[in-house]
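Enquirer: Position 24 (the sequence shown) corresponds to 24 in full-length UniProt numbering; numbering is contiguous.
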Amino acid sequence: TLLATCSRDKSVWVWEVDEEEEYECVSVLNSHTQDVKHVVWHPNQELLASASYDDTVKLYHEEEDDWVCCATLEGHESTVWSVAFDRSGERLASCSDDKTVRIWRRYKPGNEEGVACSGTDPTWKCVCNLSGYHTRTIYDVAWCHLTGALATACG
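#1: Beta-carbon separation of His76 and Asp98 under 8 Å?
#2: So the beta strand (DSSP E) Lys37 belongs to, where does it begin and stop?
#3: Write down every uninterrupted run of the beta strand (DSSP E) in the segment 89-132 whose length is 3 residues or greater and which is fully enclosed by it, in chain order.
#4: So, with DSSP's three-state summary, where would you put Asp66?
#5: Is DSSP giving Cys144 helix, strand or coil here?
#6: Excluding the 5 residues preceding and the 5 following Trp104 in the sequence, name in chain order all residues of the same chain whose CB lies nearer than 8 Å to its CB.
#7: Taking the alpha-carbon positions, what's the Asp140 to Glu24 distance?
#8: What's the gap between the Cα of Ala142 and the Cα of Phe85?
#9: On the premise that Asp54 lies in contact with Ser27, defined as a C-beta separation below 8 Å, what is that separation, rounded to the nearest angstrom?
#10: For a test of the three-state rule: what should DSSP assign to Glu74, helix, strand or coil?
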């Protein structure tokens, strides 16, 4: 079992939890340049997403017994406060201080849409930028896994 934590020190920590409920840090990720505000696991893969003051979303996976940043999603103009995967894990929503929600879609190598991918890693592309619905910072976003509806909260 894995646990992820994030911090104002710009880091994301991945922990392994054993049968005795002992926690061991297996990786410290320092890919962000500002505070990390939120982390979330993919619903059915060992893929982790993080949101940060540096206006980006980072994605991480395990590679040869270490965790590495495999993608940086750029497009928000201010702090990204939260991220959420849809039920399938093929889409990721991010919300920001810029009052927008972005929907990112994963494209695997050899996809039918012809989206270029480098190597064996998927490429994440912004497929929708929702704006004009909130007049203040959007702090949280969540997918309903039953209906696919998206909920947001502003402050």
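We treat Cβ as the ideally placed atom computed from N, Cα and C, and that holds for glycine.
Expert: Answer, in terms of the structure:
#1: Taking the sequence shown and counting its residues from 1, one reaches residue 76 at position 76. Taking the sequence shown and counting its residues from 1, one reaches residue 98 at position 98. The answer is yes: Cβ separation under 8 Å.
#2: For the purposes of this step, residue 37 is taken as the residue at position 37 of the sequence shown. Counting along the chain, the beta strand (DSSP E) containing Lys37 begins and ends at Val36 to Trp41.
#3: 91-96, 101-107 and 123-130
#4: By 1-based counting over the sequence shown, the position of residue 66 is 66. Reduced to three states, the DSSP call for Asp66 is strand.
#5: In the sequence shown, residue 144 corresponds to position 144, counting from 1. Coil at Cys144, not helix or strand.
#6: Within the sequence shown, numbered from 1, the residue matching residue 104 stands at position 104. Taken in chain order, the residues that qualify are Val57, Leu73, Arg91, Leu92, Ala93, Ser94, Trp124, Lys125, Cys126 and Val127.
#7: Taking the sequence shown and counting its residues from 1, the one referred to as residue 140 is at position 140. Taking the sequence shown and counting its residues from 1, the one referred to as residue 24 is at position 24. Each residue's alpha carbon lies about 29 Å from the other.
#8: For the purposes of this step, residue 142 is identified with residue 142 of the sequence shown, where counting begins at 1. For the purposes of this step, residue 85 is identified with residue 85 of the sequence shown, where counting begins at 1. Each residue's alpha carbon lies about 8 Å from the other.
#9: Locating residue 27 in the sequence shown gives position 27, counting from the first residue. Locating residue 54 in the sequence shown gives position 54, counting from the first residue. With a Cβ gap of about 19 Å, Ser27 and Asp54 do not count as contacting.
#10: One-based indexing of the sequence shown puts residue 74 at position 74. In the structure shown, Glu74 sits in a strand (DSSP, three-state: E or B).
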